[in-house]
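Take a look at the structure set out below.
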Amino acid sequence: MNTAAFLAYVDGRRLRWELVLDHCAQTAGKDPRTQLLAVFDALAEWAHAPCDGFRSNAFVNARVALAEPGSVIRAVVTEHKQALRARMLTLAEAAGARDPGLLVDQLLLIFEGAVSTRSLGTVEAPAEMARHTADQLIAAAVAQAPVPRGIARP
Numbered sequence: 001m002n003t004a005a006f007l008a009y010v011d012g013r014r015l016r017w018e019l020v021l022d023h024c025a026q027t028a029g030k031d032p033r034t035q036l037l038a039v040f041d042a043l044a045e046w047a048h049a050p051c052d053g054f055r056s057n058a059f060v061n062a063r064v065a066l067a068e069p070g071s072v073i074r075a076v077v078t079e080h081k082q083a084l085r086a087r088m089l090t091l092a093e094a095a096g097a098r099d100p101g102l103l104v105d106q107l108l109l110i111f112e113g114a115v116s117t118r119s120l121g122t123v124e125a126p127a128e129m130a131r132h133t134a135d136q137l138i139a140a141a142v143a144q145a146p147v148p149r150g151i152a153r154p
């Protein structure tokens, strides 16, 4: 396998994903809760884009099939996934989630599950269903957050 060519392919996918994600985040407005949901909006947009022929997650496939421990491919894939987690963690903290790390881990499980389910074709509209589930999870995580004294809950 030509590692340089594969890395160029994965980098192109990452750049296209970030463009879709940034567009959905801008459309979502300034509320960190809707910004978190924009990750799922981006997934739905990505899944329905005719040019990408969405079948599965190129990053996960690369890590599982091609990346030996310590390889540059594994490092690139891990960096991509960690960047998404960091972005979501910042938003979960801004949204006032009681346990932002736990919320983000749960949201990422839903996200990756939707990707896998989409590739298997076992659930109708998995990205949209994942967004709905994420919305409920975010609402519960924010509703349970402690409110400082003297501040009214919205």
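Every letter in the sequence shown is one number past the one before it in full-length UniProt numbering, and letter 29, counting from 1, is 29.
Ideal Cβ placement from N, Cα and C applies to all residues, glycine included.
In the structure shown, the three-state DSSP call for Glu124 is coil.
Fully contained in the stretch 65-135 are the following alpha helix (DSSP H) runs of length 4 or more, in chain order: 72-95, 100-120. Going by DSSP, Asp11 is part of the alpha helix (DSSP H) stretching over 3-28. In this structure, Ala42 and Gln35 do not form a Cβ contact; the two beta carbons are roughly 11 Å apart against a cut-off of 8 Å.
Per the coordinates, the alpha-carbon of Gly70 lies some 15 Å from the alpha-carbon of Leu7. Using a 10 angstroms sphere on the CB of Leu109, the tally of other CB atoms stays under 16, which defines it as exposed.
Within the same chain, Cβ atoms closer than 8 Å to the Cβ of Ala38 are found at Leu21, Cys24, Ala25, Thr27, Ala28, the five residues on either side in sequence being excluded. When secondary structure is reduced to three states using DSSP, Asp41 falls in the helix class. Considering only Ala4, Ile73, Ser116, Ala139, the residue with the shortest C-alpha distance to Gly96 is Ala139.
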